[in-house]
Every structure is written in C-alpha cells, then in structure tokens.
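Accompanying notes for the structure given below.
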Amino acid sequence: MKCHVERSFFVVALVVISYGPAVTRGIDNLAVAEGKSVTINCTLSPKPGTPFIVWSWKPEGEQRREIFVCPKTPKEVVDNHFSGRLSCPGDAFPGNASLVISSVTKQDSGVFYCCVLNSGSTSCHDVQVNIKEGNKHTENALYLLEVLMPIIFLFSIMVIVFSIGSAILKIKTCLTRRNFKKSIRNCLSSDAETPEEENMITDEPMDPNDSCVFFVEPSGEKNGFEKEI
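Numbering (mature numbering (1 follows the signal peptide of the UniProt record, and there is no 0)), first residue to last: -26 to -1, 1 to 203.
Quick look at the structure:
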C-alpha cells in the first residue's frame, strides 16, 4: 500500500502602506483687524520631506478656489485677489506650512483650507478667518500718542531741571559769601541802607555784596520784623 503525501505551501504577502505627512488640527477660528497681517497656522506631522501643499479659500457665498501653492512654484499665487500679499515660511521651518496674509481687507474673510497632497491621499485642515473693520480713530490716537510721548518726556525733564535750577538759585541768593556761625543775632539800627551801616553784630564783618532777607530785631523791642537789604 502506498501513501501519497501532498505538501501545501502558504505564501503570505505583507503589504506595507506608507502614509505621508498629515495636517494636524489647530485653531479653527481667527479674528483680525483690517489692515493688519494674519498667520493661518498649518503644521504637518511627522515633519515632511518635500510635501506638496495647496492653500484654498472659500469666501462667503462663493465657490472654493486655490490661492497658494507650497513649496514655491512659478505660479505660486494662483488667485489675483491675494496678489502680492501671500507668503509661506515653510522653507525656513520644516513641518510648517502656515500661510501669512498681509494687509488684510474685509473681503478676505472666509474659510481657508490647508491641504497636503500625498501619493493617493489628501489631508486638509480648515480655518474660519473673520476680518473686522479697524477703529481708525483709535489707531490714529495711538499713533499720535506714540509720536508725542518722547516730546512729552523731554518737556517733563526740562521742567524738572528748571524747577531744581530755580530752587538752587534761590538758595544761593540767600547765602552770603561767608558762613555766619549764628547768622544775625541783633540789629542796633534799622535806618541804615547798606549792611556796613547796619552795624550788625556777627562773628565776621559784613560785606556790601552780601544780600538776603534777614530777621531784624531792633534794640529795646521784643517783636521783630523782616527787612530786605
């Protein structure tokens, strides 16, 4: 009796699916004042090699359309609405496909889409951007204040210096050229016109150039009076 043994072979095919960079979720809504610049963040994870990124924009009530392509191509800006106002810093920061819009207007409001295109797959992230009308009066006031602040500061310093200088000048005019140990003690005569004729009793003789307001107390009277000499 013969036995027939049949051998079977099973072949297992291992299919590896390679996924490219995907867009990570970020801020879904942005509000910016008219005339400013806005950065719409779009981060890729993991860090990409050379992904193909397309930015598109859907204004309210209109169709979605492509506006920008990263990396740079001869037709970098594909929509005239944003001509000269779009940039992508992705070349400087790997993994960053953010879009920068300068000098935004109210007409720029809408939904912006950041899409990374891989072989056979697309990953997108959308951000609602609202442009608000700027307060021109407030902006003008802030600009005027910024211009006037250095002038106001300089004027304040000048006033302080002038005040200190005036105070020092007054102090100097009330000091004689010599130090009197006890200043004026008594005055024997109040009719004299010069310090030398006043016959003031001091530790040192007076000089005609000495000028001040002294407290004079005539002989025989208790109540003093002020006299400028």
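Every residue gets a Cβ at the ideal spot worked out from N, C-alpha and C, and that includes glycine. This one's a predicted model, so the numbers in the text were calculated from it and none came from an experiment.
By how many angstroms is the C-alpha of V135 removed from the C-alpha of F86?
Distance between the alpha carbons of F86 and V135 is about 58 Å.
I need the straight-line Cα distance from F56 to C62, nearest angstrom please.
The alpha-carbon atoms of F56 and C62 are separated by roughly 13 Å.
Taking V43 as the reference, which of S72, L119 and Q37 has the closest Cα?
With distances taken between Cα atoms, V43 lies closest to S72.
Under 8 Å by Cβ, that's how I've got I105 and S11 pegged, so tell me the actual separation to the nearest angstrom.
Contact doesn't hold; Cβ gap of about 12 Å is too wide.
Spatial neighbours of T96 within its chain, please: C-beta separation below 8 Å, excluding the five flanking residues on both sides.
Correct list, in chain order: C89 and V90.
Thinking C-alpha only, which one of L60, L18, F26 and D82 is nearest E36?
Distances from the CA of E36 to each of L60, L18, F26 and D82 were compared; the closest alpha carbon is that of D82.
Inter-residue spacing [alpha-carbon to alpha-carbon] between R39 and K32
Cα to Cα, the separation comes out at about 6 Å.
Under 9 Å between C-beta atoms of V28 and V103
Not in contact: V28 and V103 (Cβ atoms no closer than 9 Å).
Nearest residue (CA-CA) to E8, options L118, N15, S77 and I131:
Nearest C-alpha to E8: S77.
Count the other CB atoms, across all protein chains shown, that sit within 10 Å of the CB of V119; report buried if there are 16 or more and exposed otherwise.
Correcting the residue identity first, residue 119 is Leu in this sequence and not Val. Counting Cβ neighbours within 10 Å, L119 comes out exposed, since fewer than 16 surround it.
Roughly how many whole angstroms lie between the Cα atoms of S140 and M132?
About 12 Å.
Out of curiosity, what's the CA-to-CA distance linking F26 and K80?
Using only the alpha carbons, I get a separation of about 29 Å.
Which of helix, strand or coil DSSP assigns to residue 206
As displayed, the chain neither begins before -26 nor continues past 203, which places residue 206 out of reach and without an answer.
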